[in-house]
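There are 2 protein chains.
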Amino acid sequence: MYTIQDVSEKTGLTAHTLRYYEKEGLLTGVERSQGGFRQYSDEDLERLGLICCLKNTGMSLHEIARFVALTNEGEQTLRERVEMLREHRESVIARMAEMQRYLDKVTWKLNFFSGKLKEYEERKGSAS
Amino acid sequence: MYTIQDVSEKTGLTAHTLRYYEKEGLLTGVERSQGGFRQYSDEDLERLGLICCLKNTGMSLHEIARFVALTNEGEQTLRERVEMLREHRESVIARMAEMQRYLDKVTWKLNFFSGKLKEYEERKGSAS
DNA sequence: CTAATCCTTAAAGTTACCTCTAAGTCAAGT
DNA sequence: ACTTGACTTAGAGGTAACTTTAAGGATTAG
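Here the protein sequences line up with chains A and B, keeping their order. Residue 50 in my numbering sits at position 37 of the first sequence, and the numbers go up by one each step. Residue 52 in my numbering sits at position 39 of the second sequence, and the numbers go up by one each step.
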């Protein structure tokens with residue numbers, strides 16, 4: 014069992030953010046102590062791992078909340094969840110391919126400017 | 014020479030956004046007709062291409078504006094600009110690698126849920 | 001000539017994702 | 001016991017990158 018601070022340190026999310034995620038329906042059903050303190054289990058951490066994973070690949074919190082809600086409805090939503098993940102995966106792959114094309118252009122520009130810089134410095138060097 | 018609408022269609026940015034970018038110092042020095050209408054040249058389009066490229070790889074408009082300002086200062090800022098591009102390129106590469114790791118996890122989860130789905134459907138199929 | 005397009009400023013609104021504050025109470029670890 | 005950390009609600013504040021609105025006037029292409 015972990016306190017909110019433990020989880021904050023493990024994940025890099027602030028305690029504020031963790032409560033916020035809970036409020037938004039991202040990480041649901043976290044246990045509480047008698048006093049009302051959140052007690053995160055390893056299973057919670059794993060679920061949070063998937064949440065972060067989806068978030069970091071660009072899924073909106075809203076969509077993640079939808080995925081979580083489906084999960085909470087049980088087995089009969091498996092098909093829909095698989096479909097969501099599949100689509101998300103495709104979109105990530107597409108985005109990465111696009112990114113690669115942009116990166117190639119940045120690289121090209123960088124080389125271009127590097128060439129100009131070299132030329133400029135030689136010009137300056139020989140002039141001194 | 015292109016009107017703002019032409020450029021909007023070519024780039025997918027709205028005319029509003031183009032004016033906004035100009036105001037923010039991203040695309041500077043666009044020619045005007047006697048009447049004050051913007052007249053974009055091919056060179057403007059090329060500069061805009063680089064701007065979009067940087068933006069689409071995650072550089073903030075603020076940083077792009079800084080890059081553009083340096084460009085406008087001329088050759089003596091070449092070193093700094095090359096440095097900016099180099100750093101940006103590194104960060105994009107790092108982000109893509111991170112993304113790939115997250116994507117692998119999504120793929121893993123997808124396979125896991127696919128398996129569960131298959132099992133579930135067989136169970137349901139045999140029960141009917 | 002006329003319809004469609006463009007110009008301006010200034011500011012308010014939007015979406016996403018937090019981030020922080022306040023005020024007051026309560027719990028846990030040493 | 002005491003200090004540190006956790007709890008609540010509710011709402012304000014913040015940033016990035018737009019997006020829209022309004023109002024009125026000027027320009028341009030056919």
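The C-beta atom is built at its ideal place from N, Cα and C for all residues, glycine as well.
Beta-ladder partner(s) of residue i, from DSSP
{"i": "Arg136 of chain B", "result": "Partner(s): none; Arg136 of chain B has no beta bridge."}
{"i": "Gln47 of chain B", "result": "BP columns for Gln47 of chain B are empty, so no partner."}
{"i": "Gln52 of chain A", "result": "A:Glu44"}
{"i": "Tyr15 of chain B", "result": "B:Tyr53"}
9 Å Cβ cutoff met for residue i and residue j
{"i": "Leu123 of chain A", "j": "Leu123 of chain B", "result": "no"}
{"i": "Gly38 of chain A", "j": "Ala82 of chain A", "result": "yes"}
{"i": "Glu86 of chain A", "j": "Lys129 of chain B", "result": "no"}
{"i": "Arg92 of chain B", "j": "Thr84 of chain B", "result": "no"}
7 Å CB neighbourhood of residue i in its chain, flanking five on each side removed
{"i": "Glu96 of chain A", "result": "none"}
{"i": "Val119 of chain A", "result": "none"}
{"i": "Ile17 of chain B", "result": "Ala28, Leu31 and Arg51"}
{"i": "Ser21 of chain A", "result": "Thr27, Ala28 and Leu31"}
With 16 other Cβ atoms within 10 Å as the buried cut-off, status of residue i
{"i": "Asp57 of chain A", "result": "buried"}
{"i": "His101 of chain B", "result": "buried"}
{"i": "Phe80 of chain A", "result": "buried"}
{"i": "Phe125 of chain B", "result": "exposed"}
{"i": "Arg114 of chain A", "result": "exposed"}
For residue j and residue i, believed in contact at Cβ under 8 Å, the rounded distance
{"i": "Gln52 of chain B", "j": "Arg45 of chain B", "result": "6 Å"}
{"i": "Arg108 of chain B", "j": "Gly71 of chain B", "result": "7 Å"}
{"i": "Met14 of chain A", "j": "Ser54 of chain A", "result": "6 Å"}
Same chain, Cβ closer than 6 Å to residue i, five either side skipped, listed in chain order
{"i": "Tyr34 of chain A", "result": "Leu40"}
Same chain only: Cβ atoms within 8 Å of residue i, ignoring 5 sequence neighbours per side
{"i": "Ile77 of chain B", "result": "Leu39, Ile64, Leu67 and Lys68"}
{"i": "Val105 of chain A", "result": "Thr70 and Gly71"}
{"i": "Leu74 of chain B", "result": "Tyr34, Glu37, Leu39 and Lys68"}
{"i": "Lys23 of chain A", "result": "Tyr15 and Leu58"}
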